[in-house]
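Beneath this line is the structure, given in structure tokens, with notes to follow.
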Amino acid sequence: MRFVIQRVTESSVKVDGKVIGQIGKGFMVLIGVADSDTKEIADKMVKKMTGLRIFEDEEGKTNLSLDAVGGELLLISQFTLYANCKKGNRPSFVEAGKPDMAEELYEYIISKCKEQIPVVERGMFGADMKVSLVNDGPFTIVLDSDRL
71 MRFVIQRVTE SSVKVDGKVI GQIGKGFMVL IGVADSDTKE IADKMVKKMT
121 GLRIFEDEEG KTNLSLDAVG GELLLISQFT LYANCKKGNR PSFVEAGKPD
171 MAEELYEYII SKCKEQIPVV ERGMFGADMK VSLVNDGPFT IVLDSDRL
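Counting from 71, one number per residue, gives the positions in the sequence shown under the numbering used here.
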């Protein structure tokens, strides 16, 4: 499982020109699922993500978590995080999770986040989405379950 976490001052996602998810200060997270991923892996990833202390405290040090600053989440499914570009110039996506299983885990991740974070917005699984954000910093972290 892969999460690309961007600390944002605002972010939104549109489908067919309509905003379906929007947040202020928080994390916009791109979520990639592999066939080998499980709910146990998702639990570890959510725990790590929500516990990240990457917001500045009163001394300017990145020492505060999402919860500590009242941050919000925008969670976007993105199978292209498993693109394999080793051969040629056209990426292969065979390492990405099968759609049914990946969607189930995406929904599970959303539900687990809602248990901890008051504002959790989302994209639409499998849709052509237009994502906008203002990256704060910029600050971007990649979490890979293979490296946790």
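Each residue gets a CB set at the ideal place from its N, CA and C atoms; glycine is no exception.
Item: Might you give, ordered along the chain, the residues of its own chain that have their beta carbon closer than 7 Å to the beta carbon of P169, omitting 5 neighbours on each side?; Value: G196
Item: Taking 8 Å as the cut-off, decide whether the C-beta atoms of K114 and L218 are in contact.; Value: yes
Item: Which value, in whole angstroms, describes the spacing of the CA atoms of T108 and S215?; Value: 11 Å
Item: Between V212 and the rest of its own chain, which residues show a CB-CB distance below 8 Å, the 5 nearest in sequence each way excluded?; Value: R72, F73, V74, I75
Item: Tell me, please, whether the region 142-151 touches the region 182-198 by the rule of three or more beta-carbon pairs shorter than 8 Å.; Value: yes
Item: Run through DSSP, which three-state label would G121 get?; Value: helix
Item: When the Cα atoms are used, what is the spatial distance from Y178 to V99?; Value: 15 Å
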